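**Q** Here it is: the structure, laid out below.
Number of protein chains: 2
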Amino acid sequence: MVKKLIVLGGVAAGMSAASKARRVNPDAEITVYTNEEHISYAGCGLPYFIGGTVKSEDKLIARTIEEFKESNIDVKLNSEAISLAPASKSIEIKDVVTGKTFKDNYDKLVIATGARALVPPFEGVEKMGIFKLRNVNDGVKIKQYLEEYRPSNIVIIGGGYIGLEMVEVFIEKGCRVTLIERAPHILPNMDDDMANILAAYLEERGVTIRVGESVEAFPGGESVEKVKTDKGEIPADFVLLSIGVTPNTEFTGGSGVELGPRNAILVDMEMKTSIEDIYAAGDCATAWHAISGKDVYIPLGTTANKQGKIAGENAVGGHAKFNGVLGTGIARVLEMEVSRSGLSERECRELGIEYEARVIKSRTAAHYCPVSGSMHLKLVVDKENKTLIGAQIVGFQGAASRIDMLAVAMTSKATVEELTDMDLAYSPPFSPVWDPVLVALNQF
Amino acid sequence: MVKKLIVLGGVAAGMSAASKARRVNPDAEITVYTNEEHISYAGCGLPYFIGGTVKSEDKLIARTIEEFKESNIDVKLNSEAISLAPASKSIEIKDVVTGKTFKDNYDKLVIATGARALVPPFEGVEKMGIFKLRNVNDGVKIKQYLEEYRPSNIVIIGGGYIGLEMVEVFIEKGCRVTLIERAPHILPNMDDDMANILAAYLEERGVTIRVGESVEAFPGGESVEKVKTDKGEIPADFVLLSIGVTPNTEFTGGSGVELGPRNAILVDMEMKTSIEDIYAAGDCATAWHAISGKDVYIPLGTTANKQGKIAGENAVGGHAKFNGVLGTGIARVLEMEVSRSGLSERECRELGIEYEARVIKSRTAAHYCPVSGSMHLKLVVDKENKTLIGAQIVGFQGAASRIDMLAVAMTSKATVEELTDMDLAYSPPFSPVWDPVLVALNQF
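Quick mapping for you: the protein sequence lines, in order, are chains F and G. So that you can map any letter, position 219 of the first sequence is 219 in this note's numbering, and since no number is skipped, the others follow by simple counting. So that you can map any letter, position 257 of the second sequence is 1257 in this note's numbering, and since no number is skipped, the others follow by simple counting.
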């Protein structure tokens, strides 16, 4: 019998774990410690909050502390785990407001401490006007700053999903926007041919894109004035650092909890760590990649929710299994949509997988419909067993969601032959008579 | 060696067959006979042409006669097949303009004569103002009639996809619209619980829906004035008959070509009929249902294109196989979308399949996004082997396209367990963090 479950972390994975554990086990004592002031918030909604689509930060909160209290889940804010002693099943917590520390004991522990934005020690990185965007407080601070200072020269560092969603926010505000990416192209988790379609569209929309360029410093006075890179200087009165995240796992040091890629906590398919009675889930943990079979670090909100649910169920006695990730991702930037799932060509090469890839250009709907826009679709197929192992989409309204069809196909390990000519839905506002997915499958 | 291929029919299946045969075999003589004046048109686009979205009927033509001529495909318009003699490999053709008949001989024959709108012999059905909508000429006639007479009391008979798409056209024109359906609910190929969500929405939008009601006659003078049913009379100055289609297969009588359900030509997976060297495809033919394993008659444009391509390839020596249909369908009516694939509950009962069904209500996107609308999703699962065998969706923007994910799952014979918690794409404008599909799968 589990008497006491402690959950570290109060966002997607942590609160999913606590909720699921409560549903499975009505009796266990469940305590959630989080070092933040907000819980259960939709981090992926932050760009829409800053852009004004979401009118108030409250709308991003899925469930409040009071609601969790009604389920008999005790949530302690501003409480950061600082060390872990599996031998005594104890955890040391620091109150981040008072600085006081105390210990608590668990029968079962779920670690869901998430990740934090990477902030490299660039010279001047502490200047006013330089932000990261990870939690609700970051969002509120950025929104206040924009309203107070109305910056016009925006530099976004990092061309992943968050950086791109913030490009949309600033272009819609009429700002001058420069996007800097250290990799050779934006959207580093897609292949260059696909990512460059979005880059060309953004340049048409007035965004300056600088790839293969590394930030070095932020010269200026108290406030940021420019961004210095290895290739020059860019005037800036607002800078967003969106170069990725790193898992909050330092407090496990010395505990024996094994870490995996990128220092995320290594978990098995039941979300168990290397130490008995300790589970981990979400952005602080690894995930099993359903195609490569490798343990990977791909922190995303959906995965956090699923892993959290499984960790919670198993921590109170279950044996649910997580089916793994495909690295499925999607984003909209102004009118253009991008999505990807499975392995890119680059990942195949890195993994030594023999593959075939094809790219087609088609339309999102019948050519005579006003909603019809162009779209590019890339499929990657395993040369040996002819299963679909990767897909990437760039295009206009309705394009990117097609990735889910391909994610289902990859989940089912379907071969190209099984999928060719399958019976997809057709009506002029939704697709051409030959859906782009069928057109692409017919290339193999 | 195939020297001469004759294709009967010049729309989706026929022109797909001719085109594919030409690509595979550059030398064969290919002649297409069609009894229509137009070829290669997008019949599914006709409601959008009448509504004005498609400005000219030319936009609905995928390829012209001249383009086919460049591929050395000879297309003869107004030429209707009236009899077939497999023993002498000859076909009798009537010129529908002059009334003259002649014979032609084939090495291989592809029958793609399509289907025509059902027009029961209701008293007064020939009156002015009563239309069917099947081909380009029907569309042009309706459009001219609407412009000339500006009818205001519209009665649409038949609540399938075409009837519903025409409801949209007339509601947008500000007309009073009554929809009459003989079955107990609109969308007879969906279950009543799902179809009635659309019915309620349409009633809110001002449409009068009368189900379980049978048309008997069209009283009035030269022009239609009302619709008389078994339950009363409805004033009408425009009537659309959209109660379904029947395959154009009468000319095969006595030829030995075996017919299947609804008098459609029975074909195997290679599109072969019961007679050597004769293939059939599209709305005049049956299709193999990939879940029930039965030969069914579900005439749809996508299937016609696929079957036509396969028939064309095989007629010149190939052995391509058609993977069967799921009866996947989709339609948009004003702001609401509907889709379905696989078996409905009613079909499962008729087939004696033990099933479980669940319906969930969710949202198309994150609740805080303006594009987020409600949607209902029903899944039907085989009780024995736990594979997904049916899905139905009703909801707002972005809802219905999710049917393709479920069509892929059914094509792959995936079990609920394999699909639960799969890695679908998430970003606020595209879905809630738990996509409705995952929510529904988690009900089993």
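We put the CB at the ideal spot given by N, CA and C, even for glycine. Computed from a predicted structure; not experimentally measured.
Closest by CA to G:Arg1022, which one among G:Val1316, G:Lys1321 and G:Met1375?
**A** Comparing Cα positions, the closest option is G:Val1316.
**Q** Is it true that the region 51-68 of chain F meets the region 226-243 of chain F, where meeting means three or more beta-carbon pairs spaced less than 8 Å apart?
**A** Contact fails: fewer than three Cβ-Cβ distances are below 8 Å.
**Q** So, helix, strand or coil for G:Asp1283, using DSSP?
**A** DSSP places G:Asp1283 in helix when its eight states are reduced to three.
**Q** Is the region 1420-1430 of chain G close to the region 331-342 of chain F, with three or more CB pairs under 8 Å?
**A** A contact exists between the region 1420-1430 of chain G and the region 331-342 of chain F.
**Q** Using a beta-carbon distance cut-off of less than 8 Å, what residues from the region 1232-1266 of chain G approach chain F?
**A** Correct list: empty, as no residue qualifies.
**Q** Output needed in chain order: residues of the region 416-432 of chain F with a Cβ under 7 Å from some Cβ in chain G.
**A** Cβ contacts with chain G come from Glu418, Leu419, Asp421, Met422, Asp423, Leu424, Ala425, Tyr426, Ser427, Pro428, Pro429 and Phe430.
**Q** Tell me the residue span of the alpha helix (DSSP H) that contains G:Lys1069.
**A** It spans Ile1065 to Glu1070 - the alpha helix (DSSP H) in which G:Lys1069 sits, taken as one unbroken run.
**Q** Which residues, taken in chain order from the region 1054-1088 of chain G, show a beta carbon closer than 8 Å to some beta carbon of chain F?
**A** Listed by position, the residues of the region 1054-1088 of chain G near chain F (Cβ gap below 8 Å) are Val1054, Lys1059 and Leu1060.
**Q** Express the C-alpha separation of F:Gly244 and F:Leu118 in angstroms, rounding to a whole number.
**A** For F:Leu118 and F:Gly244, the distance between alpha carbons rounds to 6 Å.
**Q** Would F:Arg332 count as contacting chain G if we go by Cβ distances under 7 Å?
**A** Taking Cβ atoms only, chain G reaches closer than 7 Å to F:Arg332, which makes this a yes.
**Q** Tell me the DSSP secondary structure of F:Gly308 in three-state form.
**A** Three-state result, F:Gly308: helix.
**Q** Taking the beta strand (DSSP E) that G:Asn1263 belongs to, which residues open and close that run?
**A** Premise fails: G:Asn1263 is in no beta strand (DSSP E) and is neither H nor E.
**Q** Taking 7 Å as the threshold (C-beta atoms), are G:Leu1133 and G:Gly977 in contact?
**A** Here chain G covers residues 1001 to 1444 and nothing more, so residue 977 of chain G does not appear.
**Q** Taking only the alpha-carbon atoms, compute the straight-line gap between G:Thr1252 and G:Leu1084 and give it to the nearest angstrom.
**A** Computed Cα separation, rounded: 6 Å.
**Q** Secondary structure at G:Tyr1297, three-state DSSP: helix, strand or coil?
**A** G:Tyr1297: coil per DSSP, three-state reduction.
**Q** Starting from G:Lys1143 and walking both ways along the alpha helix (DSSP H), at which residues does that stretch end?
**A** Val1136 to Tyr1149 is the extent of the alpha helix (DSSP H) around G:Lys1143.
**Q** Below 8 Å CB to CB, which residues in the same chain sit around F:Gly220 once its five sequence neighbours on both sides are set aside?
**A** Taken in chain order, the residues that qualify are Gly124, Lys127 and Lys226.
**Q** With a threshold of 7 Å between beta-carbons, can G:Val1325 be considered close to chain F, or not?
**A** Yes, contact with chain F.
**Q** Just the C-alpha distance for F:Glu29 and F:Leu77, rounded to the nearest angstrom, thanks.
**A** Cα to Cα, the separation comes out at about 17 Å.
**Q** Taking C-beta to C-beta, are G:Pro1261 and G:Asp1283 nearer than 7 Å?
**A** Not in contact: G:Pro1261 and G:Asp1283 (Cβ atoms no closer than 7 Å).
**Q** State buried or exposed for G:Asp1074, treating a residue as buried only when at least 16 other CB atoms are found within 10 Å of its CB.
**A** By the neighbour-count rule (16 or more Cβ atoms within 10 Å), G:Asp1074 is not buried but exposed.
**Q** Let's test the definition: count the other Cβ atoms within 10 Å of the Cβ of F:Thr208 and tell me whether it reaches 16, buried, or not, exposed.
**A** The residue in question, F:Thr208, is exposed, as its Cβ has fewer than 16 Cβ neighbours within 10 Å.
**Q** For F:Asn314, which residues in chain G fall below 9 Å Cβ to Cβ?
**A** Simply none; closest approach about 13 Å.
**Q** Jot down the residue ranges of each uninterrupted beta strand (DSSP E) in the region 6-58 of chain F, minimum 3 residues, whole runs only, in chain order.
**A** The qualifying runs are 29-33.
**Q** Going straight from the alpha carbon of G:Lys1321 to that of G:Lys1103, what length do you get?
**A** Answer to the nearest angstrom: the Cα atoms are 31 Å apart.
**Q** Within a Cβ cutoff of 6 Å, which residues of the same chain sit near F:Asp277, ignoring the five residues on either side of it in sequence?
**A** Once the five neighbours on either side are set aside, the close Cβ partners of F:Asp277 are Lys108.
**Q** Quick check: what's the CA-CA separation for G:Asn1385 versus F:Gly398?
**A** Those two C-alpha atoms are separated by around 33 Å.
**Q** Against chain G, does F:Thr450 count as a neighbour if the rule is that its beta carbon must be under 7 Å from one of theirs?
**A** Missing from the structure shown is residue 450 of chain F; chain F here goes from 1 to 444 and no further.
**Q** Considering Cα atoms alone, identify which of F:Glu356, F:Ile389 and F:Arg402 is closest to F:Gln443.
**A** For the residues F:Glu356, F:Ile389 and F:Arg402, the minimum Cα distance to F:Gln443 belongs to F:Glu356.
**Q** Leaving out five residues on either side along the sequence, give the residues of the same chain with a beta carbon under 7 Å from the beta carbon of F:Ile197.
**A** Answer for F:Ile197: His376 and Val394, listed in chain order.
**Q** Which residues in chain F have a C-beta closer than 9 Å to the C-beta of G:Ile1403? List them in chain order.
**A** What G:Ile1403 touches in chain F: Leu424 and Ala425.
**Q** Checking contacts by CB at 7 Å: is F:Gly9 closer than that to chain G?
**A** No, F:Gly9 lies away from the interface with chain G (no Cβ there is under 7 Å from its Cβ).
**Q** Using a Cβ cut-off of 9 Å, pull out every chain F residue sitting near G:Cys1369, in sequence order please.
**A** Result: Gly45, Tyr48, Thr53 and Val54.
**Q** Counting contacts by CB-CB distance shorter than 7 Å, is F:Thr286 in contact with chain G?
**A** With 7 Å as the cut-off, F:Thr286 does not count as an interface residue toward chain G.
**Q** In whole angstroms, what separates the C-alpha of F:Pro184 from that of F:Val215?
**A** Between F:Pro184 and F:Val215, the C-alpha separation is close to 14 Å.
**Q** Answer with buried or exposed for G:Thr1273, where buried requires no fewer than 16 other C-beta atoms within 10 angstroms of its C-beta.
**A** It is buried - the Cβ of G:Thr1273 has at least 16 other Cβ atoms within 10 Å.
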